[in-house]
Amino acid sequence: MQNSIPEWVDSLPNISGAEDLVEKAVGSRRTRSYYGDVSPATFGNINSAFAIALHMHQPLIPAEGGDLRTAKIISNLKYMADNPGIGDNYNAGAFRGCYKRMGEFIPQLIGEGKEPRIMLEYSGTLLYGLLQMGAGDVIDSLRNITVSPQYRRAVEWLGCPWGHAVAPSTPVQDYRLHVRAWQQYFAALFGFDALARVRGFSPSEMALPNHPEVAYDFVKTLRECGFQWVLVQEHSVEDPATGAGPRLKHIPHRLVCRNSEGEETSIVAIIKTQGSDTKLVAQMQPYYEAKGLQRVELKGKQIPPLVTQIADGENGGVMMNEFPSKYFEVMRECSGSSTPVMNVSEYLEQLLSSGIAEKDLPELQPLFQKRIWDRLKPGAGAEKLEKTIAELKKEDGRFSMEGGSWTNNISWVRGYDSLIGPMERASALFYEKAIEPGVPSSDPGYRNALFHLLTSQTSCYRYWGEGTWTDYGKEIVRRAVDIINFDIKPPAVQKTGEPAHAVSKKSSKDIHKPGLVHGHSGHEPAHRAPAHHDIETVRGHGTIAKNTHEKSEPDHGRKPFHPSTGHVPAAHASQKKGGK
């Protein structure tokens with residue numbers, strides 16, 4: 002199997018056009034064992050285990066240049082480094098060190114004869130931003146521990162959406178594009194062999210959709226993209242029988258999701274306990290909690306519980322300053338003990354080889370769904386589902402279909418109409434102009450539009466409230482619309498390339514249609530995104546007219562924006578090679 006593709010294509014990150022290679026790589030991992038011969042910890046001689054993951058993210062922002070409308074899109078980390086006198090931007094160097102340091106810690110500990118473990122989740126925007134700003138040393142450090150045979154057993158990468166999109170409020174078809182874009186870009190940086198070892202998925206902000214239609218599509222996307230397990234926040238799931246939270250939090254569960262048509266899908270769920278607190282990982286709390294646990298019974302077998310935590314790997318003084326020494330201390334102490342550190346896939350391989358099957362795991366479902374299914378039989382249809390949800394909302398103001406996350410005090414939709422509306426319209430336009438006509442995903446215009454669409458859906462634009470960050474998001478959406486309208490050519494005029502493969506062929510019928518709009522402004526999802534003739538998006542001083550085949554003239558001299566070269570259509574962009 003081909004093991005490498007370029008990191009850059011037309012000065013853009015390589016996020017589309019190699020879907021067949023991605024599919025082949027992830028398909029190869031479904032039955033393959035990776036840890037059986039290299040894991041020193043075995044279920045027969047341990048009492049418990051623990052796993053830790055580091056979440057790393059930086060958004061891309063239009064901030065290089067004085068005019069928002071023409072500013073180059075760069076990493077927020079580069080902006081911080083270039084403007085150290087603003088706010089806490091002086092942390093840029095420390096953040097960069099955090100992104101690199103696991104590539105130094107793992108070799109040192111293995112060189113000492115220890116068995117360290119770490120799970121890493123880096124957003125696509127962070128990885129691209131590091132490469133774009135010339136931080137190739139960071140990528141090289143990560144590549145060493147990812148691909149080198151002597152180190153890779155210690156490192157498990159987790160998949161995530163490329164642009165750090167929040168699943169409950171990102172259109173279904175776009176979320177799948179995020180997942181595939183991350184997979185392809187990861188393969189471009191680290192190779193398809195490394196991608197084949199990525200089995201777990203970490204949703205941004207631990208945000209799990211709980212609307213039945215959206216949750217079903219979320220899990221379906223993960224399974225069809227080859228993932229075998231997903232991290233979930235304990236407060237975002239419930240026991241289907243009781244509606245209460247999970248009782249056995251430290252054993253794997255099966256997340257089961259049903260839609261209004263009665264279809265069902267599931268995936269192994271690993272529970273992250275407690276809330277968003279970087280100190281839990283920085284001070285290695287999971288190890289000390291696991292030391293106090295004993296084996297538990299599951300289907301007549303005694304298994305060791307697994308305490309699992311994830312935290313931002315660069316945020317806060319404790320994580321930046323105290324984590325290194327504590328990590329070394331705990332890795333040295335736990336290696337060879339009855340409470341070792343294990344990565345989740347390593348643990349699951351041993352669990353499933355011990356005679357426990359996936360169907361034996363206790364069930365979970367997204368929060369609040371018991372109240373729906375108590376009143377509605379799966380298969381009753383979308384109309385009755387929406388009626389039931391409306392009734393429950395009317396009866397209880399706390400009932401919500403916005404999903405659950407580790408930041409349940411923050412809404413990803415309320416108060417962001419000015420950004421979410423244009424984002425949804427851009428999504429519908431991309432479907433109509435690129436996906437539905439079958440524009441090749443290798444086409445420069447397709448890739449440029451996809452880059453801007455996925456970048457515009459970064460959660461950071463909906464975290465801080467209205468202001469600079471929402472302005473960043475709206476500007477990137479505006480550029481996406483420009484590129485979709487003026488840079489994407491219908492397949493009839495394409496000279497080269499294969500048909501777009503944004504999703505697996507078996508699921509294209511379901512996903513390549515105007516998708517669900519998740520939780521916009523608190524309204525219910527499951528309505529179709531607007532067709533092109535419904536769209537009226539401002540472009541400079543012109544607009545996209547409401548007639549399907551006509552549009553107003555653009556500003557004289559204005560052309561779609563390309564992140565690296567300015568207002569230049571991708572089809573005419575200079576063929577610039579980037580990299581380390």
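With our numbering applied, the sequence shown corresponds to residues 2 to 581, in that order.
Note that the Cβ used here is the ideal one computed from N, Cα and C, for glycine as well.
Going by other Cβ atoms of all chains shown within 10 Å of its Cβ, with 16 needed for buried, is residue i buried or exposed?
i	result
threonine 456	buried
asparagine 84	exposed
glutamate 116	buried
serine 17	buried
proline 305	buried
aspartate 11	buried
aspartate 444	buried
lysine 434	buried
glutamate 20	buried
lysine 79	buried
valine 478	buried
threonine 243	exposed
valine 39	exposed
alanine 391	exposed
glutamate 113	exposed
glutamate 8	buried
Are the beta-carbon atoms of residue i and residue j separated by less than 9 Å?
i	j	result
isoleucine 311	serine 205	no
tyrosine 217	threonine 266	yes
lysine 292	serine 49	yes
tryptophan 230	isoleucine 272	no
phenylalanine 329	valine 282	no
glutamine 234	leucine 256	no
serine 29	alanine 188	no
tyrosine 100	valine 139	yes
serine 76	glutamine 3	no
proline 60	cysteine 461	yes
aspartate 313	leucine 55	yes
glutamine 321	asparagine 46	Note that residue 321 corresponds to methionine in the displayed sequence, not to glutamine. Cβ atoms of methionine 321 and asparagine 46: not closer than 9 Å.
leucine 294	aspartate 361	no
serine 142	glycine 94	no
cysteine 226	arginine 154	no
Out of the options, state which residue places its alpha-carbon closest to the alpha-carbon of residue i.
i	options	result
arginine 70	Gly474, Asp488, Ser267 and Ile489	Gly474
alanine 245	Ile146, Pro367 and Met103	Pro367
leucine 232	Arg200, Glu214 and Ala242	Arg200
glutamate 396	Cys461, Arg372 and Tyr447	Arg372
valine 238	Leu223, Gly227 and His254	His254
aspartate 375	Pro150, Pro241, Leu159 and Asp483	Pro241
glycine 125	Pro14, Val156, Gly468 and Asn90	Pro14
leucine 451	Glu290, Gln174, Gly160 and Ser339	Gln174
histidine 212	Thr389, Arg463 and Asp361	Thr389
proline 44	Thr340, Leu132 and Glu437	Here the sequence assigns phenylalanine to residue 44, which means proline is not the residue at that position. Nearest C-alpha to phenylalanine 44: Thr340.
glutamate 425	Leu55, Arg480 and Ser170	Ser170
alanine 195	Ile252, Gly114, Tyr152 and Met321	Tyr152
threonine 274	Tyr288, Leu294, Met285 and His251	His251
valine 156	Ser401, Met285 and Arg102	Arg102
glutamate 384	Glu214, Ala136 and Ser40	Glu214
threonine 222	Gly130, His179, Leu294 and Asn344	His179
methionine 285	Arg296, Glu264 and Val342	Val342
arginine 448	Glu437, Ala481, Pro438 and Val345	Ala481
proline 438	Pro492, Glu476, Ile107 and Arg144	Pro492
arginine 296	Arg259, Gly317, Leu352 and Ile107	Leu352
glycine 382	Asn260, Arg154, Arg333 and Leu365	Asn260
alanine 166	Ser442, Glu290, Met332 and Ile421	Ile421
tyrosine 36	Glu350, Phe369 and Gln370	Glu350
glutamate 476	Ser34, Ser5 and Asp68	Asp68
Return the Cβ separation of residue i and residue j in integer angstroms, given the expectation that the two are a contact with Cβ distance under 8 Å.
i	j	result
leucine 127	methionine 57	6 Å
isoleucine 74	isoleucine 62	7 Å
glutamate 262	phenylalanine 96	So it is not a contact: roughly 45 Å between Cβ atoms.
valine 23	arginine 181	6 Å
arginine 427	leucine 454	Here residue 427 turns out to be alanine, not arginine, going by the sequence shown. Contact holds; Cβ gap of about 6 Å.
valine 319	proline 287	Their Cβ separation, rounded to whole angstroms, is 15 Å, which puts valine 319 and proline 287 out of contact at 8 Å.
phenylalanine 191	alanine 26	The Cβ separation is near 11 Å, so there is no contact.
valine 220	isoleucine 268	5 Å
lysine 302	serine 355	6 Å
glycine 137	glutamine 458	About 27 Å; that fails the 8 Å criterion.
methionine 120	alanine 52	6 Å
phenylalanine 431	isoleucine 357	That pair is no contact at about 43 Å.
aspartate 488	glycine 446	4 Å
Any heavy atom of the ligand MG closer than 8 Å to the CB of residue i?
i	result
leucine 307	This structure lacks the ligand MG, and indeed carries no ligand of any kind.
**Study point:** Continuous alpha helix (DSSP H) assignments of at least 4 residues falling wholly in the stretch 355-394
**Key:** 370-374
**Study point:** Entirely enclosed alpha helix (DSSP H) segments - the stretch 299-351, minimum 4 residues
**Key:** 324-335
Exercise for review: Would you list, in sequence order, the uninterrupted alpha helix (DSSP H) runs of no fewer than 4 residues that lie entirely inside the stretch 127-199?
Suggested key: 137-148, 173-191 and 193-197
**Study point:** Length at least 4, wholly inside the stretch 205-288: the alpha helix (DSSP H) runs in chain order
**Key:** 213-225 and 279-283
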